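The structure under discussion appears below in the form of structure tokens.
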Amino acid sequence: MVGEAVALDVRPAGFVLRAAGAAIDVIASLVVGLLLVLLIGRLAAAGLLDDASSAACAIAAVVLAIVVLPVVVEVASRGRSLGRWAVGARIVRADG
184 MVGEAVALDV RPAGFVLRAA GAAIDVIASL VVGLLLVLLI GRLAAAGLLD
234 DASSAACAIA AVVLAIVVLP VVVEVASRGR SLGRWAVGAR IVRADG
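When we follow this note's numbering, the leftmost residue of the sequence shown carries the number 184, and every step to the right adds one.
Laid out in structure tokens, this is it:
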């Protein structure tokens, strides 16, 4: 039963499931960030980006991987990140 006096038929996710979901989310963000940085490096090596542009693109790639990607995934999947989806966890209350 939750604070709103509504009985829920779900078990709370344990520490291991939450940690596994978080690890999957972090790994996914790191992979996307790494791919973007590698792409920027190739563009810079080909002479298509100068030093200032490649630095700005690298900062944008990090922000995209750390901030934008998780927000877009959670909004698009109605609150379930890739890690939560993979381990089968879901949010049923505002406090987690």
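Beta carbons: idealized from backbone N, C-alpha and C, even for Gly. Source: prediction; values computed, not measured.
Where residue i and residue j are concerned, what is the direct C-alpha to C-alpha distance, given to the nearest angstrom?
{"i": "S237", "j": "L265", "result": "29 Å"}
{"i": "V251", "j": "G216", "result": "11 Å"}
{"i": "V230", "j": "L221", "result": "Inspection of the sequence shows that residue 230 is occupied by Gly rather than by Val. Those two C-alpha atoms are separated by around 14 Å."}
{"i": "I223", "j": "D233", "result": "11 Å"}
{"i": "L218", "j": "R194", "result": "37 Å"}
{"i": "R261", "j": "A239", "result": "31 Å"}
{"i": "I210", "j": "R225", "result": "22 Å"}
Along the chain, where does the alpha helix (DSSP H) that runs through residue i open and close?
{"i": "D234", "result": "D234 to V246"}
{"i": "P253", "result": "L252 to A259"}
{"i": "G266", "result": "L265 to V270"}
Grouping DSSP H, G and I as helix and E and B as strand, with all else coil, what is residue i?
{"i": "I207", "result": "helix"}
{"i": "G230", "result": "coil"}
{"i": "A196", "result": "coil"}
{"i": "I223", "result": "helix"}
{"i": "G262", "result": "coil"}
{"i": "I249", "result": "helix"}
Report all residues from its chain with a CB closer than 8 Å to the CB of residue i; omit the five preceding and five following residues, and keep chain order.
{"i": "I206", "result": "What sits at residue 206 in the sequence shown is Ala, not Ile. Taken in chain order, the residues that qualify are G266."}
Leaving out five residues on either side along the sequence, give the residues of the same chain with a beta carbon under 6 Å from the beta carbon of residue i.
{"i": "E257", "result": "S264"}
Excluding five sequence neighbours on each side, which residues of the same chain lie with their C-beta closer than 7 Å to the C-beta of residue i?
{"i": "A241", "result": "V220 and I223"}
{"i": "V270", "result": "L200, A203 and G204"}
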